[in-house]
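Visitor: Got a structure for you, questions after.
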């Protein structure tokens with residue numbers, strides 16, 4: 586199961602951690618893992634492309650993605666909200682394979 590940990594500070598999403606594997610299907614056929622991977626990497630790439638890297642702290646490895654907001658930057662906040670929305674929608678569609686948790 587993929588676990589998503591959303592950490593809020595003053596009602597603002599501060600950190601988002603995604604870890605684990607969905608195990609929906611075999612490696613290479615797992616559409617849940619592919620959707621989550623695409624959403625997370627798309628967010629990170631958009632931030633990099635817009636040259637807003639200074640606003641975040643990013644840690645990515647096999648089965649792990651962590652993004653933390655370092656600066657209050659509207660575009661980055663919008664991208665993080667979009668990622669959060671996408672992960673929430675994936676949980677609605679595949680509740681056995683992805684779980685979102687909210688803290689703070």
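Numbering (this note's numbering), first residue to last: 586 to 689. We put the beta carbon where it would ideally sit given N, CA and C, even for glycine.
Name the DSSP bridge partner or partners of residue 688?
Guide: According to DSSP, which records beta bridges pairwise, residue 688 is partnered with 592.
Visitor: Looking at the structure shown, is residue 659 part of a helix, part of a strand, or coil, going by DSSP?
Guide: Residue 659 falls in the helix class under three-state DSSP.
Visitor: Can the beta-carbon of residue 667 be found less than 9 angstroms from the beta-carbon of residue 589?
Guide: Cβ distance not < 9 angstroms, so residue 667 and residue 589 don't count as in contact.
Visitor: If we count the other Cβ atoms within 10 Å of its Cβ and call it buried at 16 or more, is residue 682 buried or exposed?
Guide: Residue 682 comes out buried.
Visitor: Anyone know if the C-beta pair for residue 600 and residue 672 falls short of 9 angstroms?
Guide: No. Outside cutoff.
Visitor: Per DSSP, which one or two residues make a beta bridge with residue 652?
Guide: According to DSSP, residue 652 bridges with 601, 643.
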